[in-house]
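The block underneath contains the structure these notes are about, expressed in structure tokens.
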Amino acid sequence: SDAFNSTLINMFASADRYVVEMEIGTPPQTAYLVLDTGSSDMCVNEANNTYCESLADGNDVWTSNYELTATASEISSTATSHKTYNTPCSYWGTFNPNTSSTFKFNETVFNATYGDNSYFAGTYGTDVVSLGNITLSNFTFGVSDDTVNSMGVLGISLPFVEETNIFQLTSNTTPFVYDNFPMALKNQGKIKKIAYSLFLNELNARFGSILFGAVDKSKYSGQLYTLPMLQAFNTFDSEFSGMFVTAQSVAILDSKSGNKTVSEVQFPVVFDSGTSYSSLPTEIADAIGRSFDGKYSSDNRGYIFDCSKVNNTLLSIDFGGFNISANISNFVTPLHEHCLLNIMASDSMFSLGDAFLMDTYVVYDLENHEVSLAQASFNNEEEDIKIISDSVPGATPAPGYSSTWVYTPGSPIGTGDFVNVSWTSYSEFSQYKSIYATESLSDGVSSSSSSSSSSETATKKKN
Amino acid sequence: NSYVKLPIQKLANIPNINLEDVSGISKR
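What follows is the structure, given as structure tokens:
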């Protein structure tokens, strides 16, 4: 029951995507959908939409070569198959509602816009869908005939984030909530609580996993800490909405040249599996790039530096008394003989994408509006799955759970200080070691702070 | 079993297949 077909694809990696394979309709039509914790609707391209047609220039064909191996008792065989696609849309999978006997349009406009201004537009409808060995009936999703994306999306964020609560508001129709994928899993009896755990796995792994309704202790190390979601991102006032939490400070941990604090400014951030990139406040993104002696490239929208600068280097973020650290090599794309840092500067929307999530085990609790975090573990230990029926098993509130900085709409940044980085001479390196730093504050006042444990972090404020 | 485990495939970008990096966050 754990065996799945897989598509083998050349690893010219620049922007990896994490996708699930879904069967839609009767008979089933297959589509790969980006698993997106930053949005809440499932949307799939209609086969003949204008954008997809525009990609078919009559010259290129999109070919998938794959090898199938079947093994039975005393019999083994291997065959190679080829399939040709007309457009990248058909390569990733589209949906033709006219050929599904169980599909029903529900006459509701569908229009999803994302942080990069890409979009899907079309109509909501319902059909039967299957992933792995589970099937959901009368499942609501958008069928897009107007898009700029060749691949569909499975949004699994809060119901409030559904486009029925956004677009309908501006079109003078009544906002409403429908059962999106995590909700449908609960309401159709597959899970006990609307919560899931995300494990993307390490950089070179071909598969990660998502566990709806449960936690797998074998996939993380250390303590699983819980944070509250920021309510400010679940109102109609905010430009962006979703499962945001507060990041308290950012540091670079380097085994050779020492650890350094980049920023002690709080900012709201979302763990977004729908993008490989991360967006951080401009001052922080710049400080990280400069810390590797990088030079900003406007063409590539990021800092470029010597790849050797990021060997054994971690990006560590304090979420309120505990840190999660991600390998900087997850964030870089080889570019000629240098490396491009895929951390974008932003003034309004801050996210940690797949590069950070690879080293993070995240439990999203959509009913209690909490996010639990731990350092991901890649030891391939035996599964240790615990059902989530009330609180998240094994999780404890973060030390700063109740005192976390509260985001105010229109004030996108916190009250701490950016730090003019000076290196420390600590040579000991551990991704779990607390940060020691000597800093010069940006206003010229010299100060220093240190912490021997995450609960003793000294924080400077500038109001 | 009261839980659903699904594999997530990691797809690498393929030259000319336009694997857009959609910022997955909903924008109002």
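Protein sequence lines, in the order shown, are assigned to chains E and V.
Taking my numbering, the leading residue of the first sequence gets 11, the next gets one more, and so forth.
Taking my numbering, the leading residue of the second sequence gets -13, the next gets one more, and so forth.
No residue lacks a Cβ here, since even glycine has one placed at the ideal position from N, Cα and C.
Just to confirm the assignment, what range does the alpha helix (DSSP H) spanning Pro409 (chain E) have? Pro409 (chain E) -> no alpha helix (DSSP H), and no H or E assigned at all.
Suppose contacts are defined by Cβ-Cβ distances below 8 Å. Is Glu56 (chain E) in contact with Ser140 (chain E) by that definition? Not in contact: Glu56 (chain E) and Ser140 (chain E) (Cβ atoms no closer than 8 Å).
Between Glu31 (chain E) and chain A, is there a C-beta pair that is closer than 8 Å? Within the model displayed, chain A is absent; protein chains E and V are what it includes.
Specify, as a first and last residue, the run of the beta strand (DSSP E) that Asn333 (chain E) falls within. Here the beta strand (DSSP E) through Asn333 (chain E) covers 333 to 337.
is_contact[Tyr313 (chain E), chain V] using C-beta, thresh 8 Å: Output row for Tyr313 (chain E): interface = no.
Tell me the residue span of the alpha helix (DSSP H) that contains Glu63 (chain E). Note, Glu63 (chain E): alpha helix (DSSP H), 60 to 64.
Nearest to Tyr28 (chain E) by alpha carbon, out of E:Asn389, E:Val119, E:Phe105, E:Met161? In terms of CA proximity to Tyr28 (chain E), E:Met161 leads the group E:Asn389, E:Val119, E:Phe105, E:Met161.
Per DSSP, what are the beta-bridge partners of Ser382 (chain E) in this structure? Per DSSP, E:Thr236, E:Val373.
On the premise that Gly223 (chain E) lies in contact with Tyr(-11) (chain V), defined as a C-beta separation below 8 Å, what is that separation, rounded to the nearest angstrom? Yes, Tyr(-11) (chain V) and Gly223 (chain E) are in contact; Cβ-Cβ is about 4 Å, under 8 Å.
Can a CB atom of chain V be found closer than 8 Å to the CB of Ser452 (chain E)? Caution applies to Ser452 (chain E), whose pLDDT of 33 falls short of 50 and renders its modelled position unreliable; the model cannot decide the point.
Residue span of the alpha helix (DSSP H) that contains Ser100 (chain E), given as start and end: Per DSSP, Ser100 (chain E) belongs to the alpha helix (DSSP H) from 98 to 102.
What is the DSSP secondary structure of Phe281 (chain E), reduced to helix, strand or coil? Reduced to three states, the DSSP call for Phe281 (chain E) is strand.
CA-to-CA distance, Asp369 (chain E) to Glu212 (chain E), given in whole angstroms: Rounded to the nearest angstrom, the gap between the Cα atoms of Glu212 (chain E) and Asp369 (chain E) is 7 Å.
Using a beta-carbon distance below 8 Å, is Glu438 (chain E) in contact with chain V? Confidence at Glu438 (chain E) is low in this model, with a pLDDT of 27, below 50, so the placement of that residue is unreliable and no value is reported for it.
List the residues that DSSP assigns as beta-bridge partners of Cys53 (chain E). Per DSSP, E:Gly152, E:Val163.
Closer than 8 Å at the beta carbon, the chain V residues around Gly223 (chain E): Here the neighbours are Ser(-12), Tyr(-11), Val(-10).
Taking 8 Å as the threshold (beta carbon to beta carbon), is Lys227 (chain E) in contact with chain V? Output row for Lys227 (chain E): interface = no.
Can you find a CB in chain V that lies within less than 8 Å of the CB of Ala270 (chain E)? A small fix is needed here, since residue 270 (chain E) is Lys in this sequence, not Ala. Chain V, which has no Cβ nearer than 8 Å to the Cβ of Lys270 (chain E), makes this no.
Closer than 9 Å by beta-carbon distance: list the chain V residues that pair up with Ser219 (chain E), in chain order. Neighbours of Ser219 (chain E) in chain V, taken as residues whose beta carbon is under 9 Å from its own, are Lys(-9), Leu(-8), Pro(-7), Ile(-6) in chain order.
Whole-angstrom distance between Tyr230 (chain E) and Asn378 (chain E), CA atom to CA atom: CA-to-CA, the gap between Asn378 (chain E) and Tyr230 (chain E) works out to about 21 Å.
Less than 8 Å separating the beta-carbons of Ile220 (chain E) and Pro192 (chain E)? No, the pair does not count as a contact, with Cβ atoms beyond the cut-off.
Using the DSSP secondary-structure output, state which residues sit across from Met32 (chain E) in a beta bridge. Note: Met32 (chain E) sits in a beta bridge opposite E:Ala41.
So Val153 (chain E) packs on Pro169 (chain E), CB below 8 Å; how close in whole Å? 20 Å between Cβ atoms; not a contact.
Once you ignore the five residues that flank Pro38 (chain E) on each side, which residues in its own chain have a CB closer than 7 Å to its CB? Excluding positions up to five away in sequence, the list reads Ser140.
Tyr442 (chain E) to Leu324 (chain E) span [Cα, whole Å]: Here Tyr442 (chain E) scores only 25 on pLDDT, less than 50, and its place in the model is too uncertain to base an answer on.
Quick check for students: name the residue ranges of the beta strand (DSSP E) that lie wholly in the segment 302 to 365 of chain E, counting only runs of 3 or more. If we require 3 residues or more, the beta strand (DSSP E) runs fully inside the segment 302 to 365 of chain E come out as 305 to 307, 312 to 315, 323 to 328, 333 to 337, 342 to 345, 348 to 351, 353 to 356.
Check the C-beta distance from Asp137 (chain E) over to Phe149 (chain E) and give it rounded, since I have them as a contact under 8 Å. Going by Cβ atoms, the distance from Asp137 (chain E) to Phe149 (chain E) rounds to 6 Å, so yes, they are a contact pair.
When DSSP builds the beta bridges, which residues end up paired with Leu221 (chain E)? Leu221 (chain E) is bridged to E:Ser207, V:Lys(-9).
Paired residues, beta bridge with Glu(-3) (chain V) - DSSP: Inspection of the sequence shows that residue -3 (chain V) is occupied by Leu rather than by Glu. Under the DSSP definition of a beta bridge, Leu(-3) (chain V) partners with E:Arg27.
Within 8 Å, do at least three Cβ pairs link the segment 344 to 356 of chain E to the segment 283 to 301 of chain E? Taking one beta carbon from each stretch, the segment 283 to 301 of chain E and the segment 344 to 356 of chain E have 3 or more pairs nearer than 8 Å; the two touch.
Collapsed DSSP secondary structure at Phe504 (chain E) in the structure displayed: Outside the displayed span of chain E (11 to 473) sits residue 504 (chain E), for which this structure offers no information.
Count Cβ pairs between the segment 275 to 287 of chain E and the segment 251 to 263 of chain E that sit closer than 8 Å; are there 3 or more? At 8 Å Cβ cutoff, the stretches touch.
CB contact below 8 Å: Leu362 (chain E) versus chain V: No - not a single Cβ of chain V is within 8 Å of the one on Leu362 (chain E).
Report the rounded CA-to-CA distance for Val163 (chain E) versus Trp102 (chain E), giving the unit in angstroms. Between the C-alpha atoms of Val163 (chain E) and Trp102 (chain E) there is a straight-line separation of about 11 Å.
Output needed for Phe332 (chain E): all residues of its chain with C-beta closer than 8 Å, excluding positions within five of it in sequence on either side, in chain order. The residues are Gln233, Tyr235, Leu383, Ala408, Pro409, Ser464.
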